[in-house]
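Note that the protein sequences, when read in sequence, are chains A, B, C, D, E and F.
Here the first sequence is numbered in my numbering, starting from 1 and rising by one per residue.
Here the second sequence is numbered in my numbering, starting from 1 and rising by one per residue.
Here the third sequence is numbered in my numbering, starting from 1 and rising by one per residue.
Here the fourth sequence is numbered in my numbering, starting from 1 and rising by one per residue.
Here the fifth sequence is numbered in my numbering, starting from 1 and rising by one per residue.
Here the sixth sequence is numbered in my numbering, starting from 1 and rising by one per residue.
Beta carbons are placed, not taken as given, at the ideal position from N, Cα and C, and that holds for glycine.
This structure is a prediction, so every number in the text was calculated from the model and none was measured.
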Amino acid sequence: MEEEVIKKFLYVNRKAPYGTIYALESLEVVLIGAAFDQDVSLAFIDDGVYQLKKDQQTSVDSGIGVKDFSRTYRALEGYDVEKLYVDRKSMEERGLSEDDLLVDVQVFDEAQMAELMEQQDVVLSF
Amino acid sequence: MEEEVIKKFLYVNRKAPYGTIYALESLEVVLIGAAFDQDVSLAFIDDGVYQLKKDQQTSVDSGIGVKDFSRTYRALEGYDVEKLYVDRKSMEERGLSEDDLLVDVQVFDEAQMAELMEQQDVVLSF
Amino acid sequence: MLHTVNKSPFDKNSLENCVRFSRKGHSILLFEDAIYGALKGTRFEALLTEALKNTSVYVLVPDLEARGMRMENVIEGVKATDYAGFVNLSVDNKTVQAWL
Amino acid sequence: MLHTVNKSPFDKNSLENCVRFSRKGHSILLFEDAIYGALKGTRFEALLTEALKNTSVYVLVPDLEARGMRMENVIEGVKATDYAGFVNLSVDNKTVQAWL
Amino acid sequence: MKFGILVNEGPYQHQASDSAYQFTKAALENGHEIYRVFFYHDGVYNASRLTVPPQDDRNIVTRWSDLGKKYKLDMVVCIAAAQRRGLLDENEAKRQGKDADNIAEGFRISGLGQLIESGIQSERMMVFGD
Amino acid sequence: MKFGILVNEGPYQHQASDSAYQFTKAALENGHEIYRVFFYHDGVYNASRLTVPPQDDRNIVTRWSDLGKKYKLDMVVCIAAAQRRGLLDENEAKRQGKDADNIAEGFRISGLGQLIESGIQSERMMVFGD
Numbered sequence: 001m002e003e004e005v006i007k008k009f010l011y012v013n014r015k016a017p018y019g020t021i022y023a024l025e026s027l028e029v030v031l032i033g034a035a036f037d038q039d040v041s042l043a044f045i046d047d048g049v050y051q052l053k054k055d056q057q058t059s060v061d062s063g064i065g066v067k068d069f070s071r072t073y074r075a076l077e078g079y080d081v082e083k084l085y086v087d088r089k090s091m092e093e094r095g096l097s098e099d100d101l102l103v104d105v106q107v108f109d110e111a112q113m114a115e116l117m118e119q120q121d122v123v124l125s126f
Numbered sequence: 001m002e003e004e005v006i007k008k009f010l011y012v013n014r015k016a017p018y019g020t021i022y023a024l025e026s027l028e029v030v031l032i033g034a035a036f037d038q039d040v041s042l043a044f045i046d047d048g049v050y051q052l053k054k055d056q057q058t059s060v061d062s063g064i065g066v067k068d069f070s071r072t073y074r075a076l077e078g079y080d081v082e083k084l085y086v087d088r089k090s091m092e093e094r095g096l097s098e099d100d101l102l103v104d105v106q107v108f109d110e111a112q113m114a115e116l117m118e119q120q121d122v123v124l125s126f
Numbered sequence: 001m002l003h004t005v006n007k008s009p010f011d012k013n014s015l016e017n018c019v020r021f022s023r024k025g026h027s028i029l030l031f032e033d034a035i036y037g038a039l040k041g042t043r044f045e046a047l048l049t050e051a052l053k054n055t056s057v058y059v060l061v062p063d064l065e066a067r068g069m070r071m072e073n074v075i076e077g078v079k080a081t082d083y084a085g086f087v088n089l090s091v092d093n094k095t096v097q098a099w100l
Numbered sequence: 001m002l003h004t005v006n007k008s009p010f011d012k013n014s015l016e017n018c019v020r021f022s023r024k025g026h027s028i029l030l031f032e033d034a035i036y037g038a039l040k041g042t043r044f045e046a047l048l049t050e051a052l053k054n055t056s057v058y059v060l061v062p063d064l065e066a067r068g069m070r071m072e073n074v075i076e077g078v079k080a081t082d083y084a085g086f087v088n089l090s091v092d093n094k095t096v097q098a099w100l
Numbered sequence: 001m002k003f004g005i006l007v008n009e010g011p012y013q014h015q016a017s018d019s020a021y022q023f024t025k026a027a028l029e030n031g032h033e034i035y036r037v038f039f040y041h042d043g044v045y046n047a048s049r050l051t052v053p054p055q056d057d058r059n060i061v062t063r064w065s066d067l068g069k070k071y072k073l074d075m076v077v078c079i080a081a082a083q084r085r086g087l088l089d090e091n092e093a094k095r096q097g098k099d100a101d102n103i104a105e106g107f108r109i110s111g112l113g114q115l116i117e118s119g120i121q122s123e124r125m126m127v128f129g130d
Numbered sequence: 001m002k003f004g005i006l007v008n009e010g011p012y013q014h015q016a017s018d019s020a021y022q023f024t025k026a027a028l029e030n031g032h033e034i035y036r037v038f039f040y041h042d043g044v045y046n047a048s049r050l051t052v053p054p055q056d057d058r059n060i061v062t063r064w065s066d067l068g069k070k071y072k073l074d075m076v077v078c079i080a081a082a083q084r085r086g087l088l089d090e091n092e093a094k095r096q097g098k099d100a101d102n103i104a105e106g107f108r109i110s111g112l113g114q115l116i117e118s119g120i121q122s123e124r125m126m127v128f129g130d
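Here's what the structure looks like:
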């Protein structure tokens with residue numbers, strides 16, 4: 001079905017995990033999308049940065065009764081999804097540093113993030 | 001079914017109309033609730049103040065394609081729902097005055113609103 | 001690049017963040033509850049006035065009128081548009097980003 | 001009176017407004033994404049520190065832990081609670097108001 | 001103590017339904033009474049028997065059904081909100097000329113008056129929403 | 001120009017579905033092409049044929065169905081999101097052992113790959129959500 005097109009896809013994640021399903025269902029799109037061999041980047045801005053917080057702890061039978069899906073971010077590398085960008089201001093005003101995050105990311109300032117956005121063909125916001 | 005109890009019900013409206021359905025469906029509760037002869041008050045705080053803005057204009061066949069339900073606020077009096085309170089700060093930081101509103105309201109400062117809330121038996125937030 | 005915002009700036013931080021990441025020559029469309037961000041006399045007038053220096057800001061008139069506002073209530077420099085204009089803006093900009 | 005807040009203060013204005021209308025002796029429960037408002041080192045630490053002067057503030061630990069935080073990350077003076085504690089807080093206060 | 005519960009959001013999209021469930025369960029396990037759980041707005045979707053969540057996820061609908069069965073809960077879905085959103089029981093489906101219904105076991109459809117009544121009869125009203 | 005449309009919220013609760021509809025309609029009326037409308041998250045509820053909105057309100061589902069029919073739109077409901085939320089077609093209902101289905105005319109259920117494909121094949125991707 002697909003032609004031999006490679007497009008730049010950016011997933012913009014601006015919502016905290018668990019309070020809503022957007023973080024989880026966005027991740028499901030990223031995983032399926034990985035099969036399409038496109039040029040994929042993920043941006044974490046605002047509360048989206050919290051999606052990457054280490055030490056998340058809950059399960060269907062304990063805590064809030066919701067599955068912990070945070071380890072999926074660690075699996076992204078195996079799907080060749082390796083370009084993860086975190087907005088510096090969002091991280092800092094939350095008192096977080098790269099050490100608090102469960103995957104390696106690149107921390108971008110506003111100019112870098114704006115440039116990344118501008119280069120995209122498709123921006124999917126969740 | 002009901003016993004002869006009269007309780008203080010407060011409906012707290014903090015959301016703008018049309019962007020979400022909360023304003024409309026909150027109003028539907030108020031109208032049904034009016035039949036129960038309870039002591040009903042409505043508070044409009046934050047973007048909830050916008051629910052009462054005059055000159056709303058849309059219909060199923062024009063504008064955003066959604067029915068204008070703002071005239072229902074005018075009908076509340078006929079249901080003996082007469083205690084409408086607007087938070088002064090919310091109104092003022094939106095550049096609105098009482099003249100912009102489509103019904104008569106009492107404008108409350110924070111202390112008055114807090115006292116109103118404290119007196120309630122049931123607070124329904126939408 | 002076209003940025004779309006659909007939330008009230010009083011309620012959510014989308015407009016603020018959209019402005020933070022928009023660059024010279026970009027366009028911003030305010031629709032649904034985001035039209036409140038286009039109004040004169042609110043706490044967010046300064047934010048939008050700042051945005052107008054570098055970007056073109058549009059407000060969707062059907063959403064504006066539904067909420068009891070008219071173009072005369074809108075900050076000077078903000079342009080009126082409708083759904084067809086929204087489509088045109090999307091055509092004219094290579095990338096569209098929704099600030100949900 | 002018990003106020004419940006379930007939204008992140010970064011995302012929505014609920015916590016800010018809850019604090020504005022809470023009075024001496026009231027209790028505030030932070031749960032779901034509102035637990036971010038209870039954390040040390042964020043932009044909202046001052047708001048919560050202010051709230052703690054007059055009100056008792058509680059954080060729901062299951063929501064805190066789900067989001068990768070622990071009580072050691074929480075501002076001093078904020079009390080830990082769980083769902084049973086949430087129930088007890090609702091029993092102990094005559095009126096409960098949810099800041100949605 | 002007697003609680004009324006109001007659920008304003010559907011399953012999965014927002015945590016509101018999960019929180020309402022955990023609160024209700026904790027209240028019951030600590031000896032309190034639930035006068036009624038009322039599902040309003042998108043909350044009506046919590047009563048759909050057609051959901052098929054992934055095997056490793058919680059099943060929000062059956063979790064409510066099971067709790068309802070265990071404690072004989074009165075779980076009411078608002079009829080006006082349900083009609084708008086496509087949640088019907090057999091009677092409603094017939095009345096509206098629809099060829100299927102989708103309400104799960106343990107829920108019943110009724111009017112908004114049931115929410116007001118819950119406010120009157122309960123000692124505390126808890127609201128879970130977005 | 002060829003557009004892809006993504007709808008992330010259900011009918012009535014949020015204006016997102018209304019806005020997506022108005023945009024899609026305006027694009028079509030101005031001679032543009034819609035490659036696909038993809039319904040994700042609570043957006044899947046837009047495809048329920050069981051809704052019965054009040055007579056004086058818009059009917060969001062039939063509005064989509066009618067537009068789809070008129071312009072032969074490809075309207076796709078995400079299968080994973082739909083299963084979680086109880087939106088099924090006849091095949092899915094059978095496969096899942098459910099006794100009813102509720103999808104409306106003009107919609108089809110398929111995988112998330114259809115969203116990616118829409119991103120690849122469309123010249124512009126428009127997202128409508130909360």
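Please state whether DSSP places E:Met125 in a helix, a strand or coil.
Numbered from 1 along the fifth sequence, position 125 holds the residue referred to as residue 125 of chain E. Note: E:Met125 maps to strand in three-state DSSP.
Below 8 Å on the Cβ atoms is my contact criterion, and I expect C:Arg67 with C:Ile35 to pass it. Report the Cβ-Cβ distance as a whole number of Å.
As a working mapping, residue 67 of chain C is identified with position 67 in the third sequence. As a working mapping, residue 35 of chain C is identified with position 35 in the third sequence. Correct: roughly 6 Å between the Cβ atoms.
Go through its chain and collect everything with a Cβ distance to A:Leu31's Cβ below 7 Å, but skip five positions before and after it.
Against the first sequence, residue 31 of chain A aligns to sequence position 31. Excluding positions up to five away in sequence, the list reads Tyr79.
Comparing alpha-carbon positions, which option in D:Asn13, D:Pro9, D:Glu32 and D:Lys53 lies nearest A:Gly19?
Stepping through the first sequence from its first residue, residue 19 of chain A is reached at position 19. That would be D:Glu32, whose Cα lies nearest to the Cα of A:Gly19.
Span separating the alpha-carbon of D:Asn93 from that of B:Glu115:
Numbered from its first residue, the fourth sequence carries residue 93 of chain D at position 93. Numbered from its first residue, the second sequence carries residue 115 of chain B at position 115. The alpha-carbon atoms of D:Asn93 and B:Glu115 are separated by roughly 15 Å.
With a 10 Å radius around its C-beta and 16 neighbouring C-beta atoms as the bar for buried, classify C:Gly77 as buried or exposed.
Looking up residue 77 of chain C in the third sequence gives position 77. It counts as exposed.
When the cut-off is 9 Å and only beta carbons count, does E:Gly111 lie next to chain F?
Working through the fifth sequence from its first residue, we reach residue 111 of chain E at position 111. Not one chain F Cβ lies under 9 Å of E:Gly111.
Give, in chain order, every residue of the region 41–54 of chain D whose Cβ lies closer than 7 Å to some Cβ of chain B.
none
What does the Cβ neighbour count give for A:Gly33, buried or exposed, with the cut at 16 atoms within 10 Å?
Here residue 33 of chain A corresponds to residue number 33 of the first sequence, with the count starting at 1. Per the 10 Å Cβ criterion, buried.
Presumed contact (8 Å Cβ cut-off) between A:Phe69 and A:Asp39, rounded CB distance:
As a first step, residue 69 of chain A is located in the first sequence; it is residue number 69 there, counting from the start. As a first step, residue 39 of chain A is located in the first sequence; it is residue number 39 there, counting from the start. Actually they are not in contact, since the Cβ atoms of A:Phe69 and A:Asp39 sit about 25 Å apart, beyond 8 Å.
Flag this pair as touching only if the region 17–27 of chain D and the region 45–52 of chain D have three or more C-beta atom pairs under 8 Å; answer yes or no.
yes
Three-state secondary structure (DSSP) of E:Phe23
Start at 1 with the first residue of the fifth sequence, and residue 23 of chain E comes out as number 23. The answer is helix: DSSP assigns E:Phe23 an H, G or I state.
Mind the definition here: the region 84–92 of chain E touches the region 35–50 of chain F only if three or more C-beta pairs lie below 8 Å; say whether that holds.
yes
Pull the bridge partners of E:Gly4 from the DSSP assignment, please.
In the fifth sequence, residue 4 of chain E corresponds to position 4, counting from 1. In the DSSP output, where bridge partners are listed per residue, E:Gly4 has E:Arg36 and E:Met125.
Using three-state DSSP, classify A:Glu2 as helix, strand or coil.
Taking the first residue of the first sequence as position 1, residue 2 of chain A is located at position 2. Any reading at A:Glu2 is ruled out, since the residue's pLDDT is 49, under 50, leaving its predicted position unreliable.
Compute the Euclidean distance between the alpha carbons of A:Ser97 and A:Ala75, then round it to the nearest angstrom.
Within the first sequence, residue 97 of chain A is the residue found at index 97, counting from 1. Within the first sequence, residue 75 of chain A is the residue found at index 75, counting from 1. Distance between the alpha carbons of A:Ser97 and A:Ala75: 21 Å.
Over the uninterrupted beta strand (DSSP E) stretch that includes D:Val74, give me the two end residues.
Within the fourth sequence, numbered from 1, the residue matching residue 74 of chain D stands at position 74. First-last for D:Val74: undefined, no H or E at that position.
Cα-Cα separation between B:Lys89 and B:Leu42, rounded to whole angstroms:
Along the second sequence, one-based indexing puts residue 89 of chain B at 89. Along the second sequence, one-based indexing puts residue 42 of chain B at 42. In a straight line, the C-alpha of B:Lys89 is about 17 Å away from that of B:Leu42.
Runs of beta strand (DSSP E) wholly within the region 11–75 of chain A (minimum 3 residues, chain order):
39–44
Is E:Leu112 helix, strand or coil by DSSP?
As a first step, residue 112 of chain E is located in the fifth sequence; it is residue number 112 there, counting from the start. Looking at E:Leu112 - three-state DSSP - the assignment turns out to be coil, as it is neither helix nor strand.
Enumerate in chain order the residues of its own chain whose CB-to-CB distance from E:Phe23 is below 8 Å, with the five nearest sequence positions on each side excluded.
Within the fifth sequence, numbered from 1, the residue matching residue 23 of chain E stands at position 23. These residues qualify, in order along the chain: Ile5, Met126 and Phe128.
Let me check one thing: in DSSP terms, what residues is E:Ile60 bridge-paired to?
Locating residue 60 of chain E in the fifth sequence gives position 60, where the first residue counts as 1. The partner list for E:Ile60 (beta bridge, DSSP) is empty, contrary to what the question assumes.
Give the secondary structure of D:Val19 by DSSP, where H, G and I count as helix, E and B as strand, and everything else as coil.
For this step, residue 19 of chain D is matched to residue 19 along the fourth sequence. In this structure, D:Val19 counts as helix in the three-state DSSP scheme.
Does chain F have any CB closer than 9 Å to the CB of C:Leu100?
Residue numbering aside, residue 100 of chain C sits at position 100 when the third sequence is read from its first letter. Interface residue, yes.
Counting only Cβ pairs nearer than 8 Å, list the residues of chain F close to A:Leu76.
If you number the first sequence from 1, residue 76 of chain A lands on position 76. Going along chain F, no residue has its Cβ under 8 Å from A:Leu76, so there is no contact; the nearest lies around 16 Å.
DSSP bridge partner residues for F:Ile103 (one or two, in chain order)
Position 103 of the sixth sequence, counted from the first residue, corresponds to residue 103 of chain F. Paired residues: F:Ser48.
For the 8 Å Cβ check, are there 3 or more pairs between the region 101–120 of chain A and the region 102–117 of chain E?
no
Within the 9 Å Cβ cut-off, does F:Phe128 reach chain C?
The residue given as residue 128 of chain F occupies position 128 in the sixth sequence. Yes - at least one Cβ of chain C is within 9 Å of the one on F:Phe128.
Is the Cβ of C:Ser90 closer than 9 Å to any Cβ of chain F?
Taking the first residue of the third sequence as position 1, residue 90 of chain C is located at position 90. Chain F, which has a Cβ nearer than 9 Å to the Cβ of C:Ser90, makes this yes.
Anything in chain C within Cβ reach of D:Phe10, meaning under 9 Å, just list it in chain order.
One-based indexing of the fourth sequence puts residue 10 of chain D at position 10. Here the neighbours are Asn13.
Consider the Cβ of F:Glu29: report whether some Cβ of chain A lies at a distance smaller than 9 Å.
Position 29 of the sixth sequence, counted from the start, is the residue given in the question as residue 29 of chain F. Not closer than 9 Å to any Cβ of chain A, the Cβ of F:Glu29 fails to qualify, so no.
Verify whether the separation of the beta carbon atoms of E:Ala26 and E:Val7 is less than 9 Å.
Within the fifth sequence, residue 26 of chain E is the residue found at index 26, counting from 1. Within the fifth sequence, residue 7 of chain E is the residue found at index 7, counting from 1. No; because the gap between Cβ atoms is not below 9 Å, this pair is not in contact.
Given a cut-off of 9 Å, decide if C:Gln97 and A:Gln120 are closer than it, judged by their beta-carbon atoms.
Working through the first sequence from its first residue, we reach residue 120 of chain A at position 120. Working through the third sequence from its first residue, we reach residue 97 of chain C at position 97. Contact flag set, yes.
Can you list, in chain order, the residues of its chain whose CB lies under 6 Å from that of B:Lys83, leaving out five sequence neighbours each side?
Within the second sequence, numbered from 1, the residue matching residue 83 of chain B stands at position 83. Taken in chain order, the residues that qualify are Ser41.
To the nearest angstrom, how far is the alpha carbon of D:Phe6 from that of E:Ala16?
In the fourth sequence, counting from the first residue as 1, residue 6 of chain D sits at position 6. In the fifth sequence, counting from the first residue as 1, residue 16 of chain E sits at position 16. It is worth fixing the name first, because residue 6 of chain D is Asn in this sequence and not Phe. The alpha-carbon atoms of D:Asn6 and E:Ala16 are separated by roughly 9 Å.
Taking its Cβ as the centre, do 16 or more other Cβ atoms sit within 10 Å of E:Lys31, making it buried, or is it exposed?
Numbered from 1 along the fifth sequence, position 31 holds the residue referred to as residue 31 of chain E. Note that residue 31 of chain E corresponds to Gly in the displayed sequence, not to Lys. With fewer than 16 other Cβ atoms within 10 Å, it is exposed.
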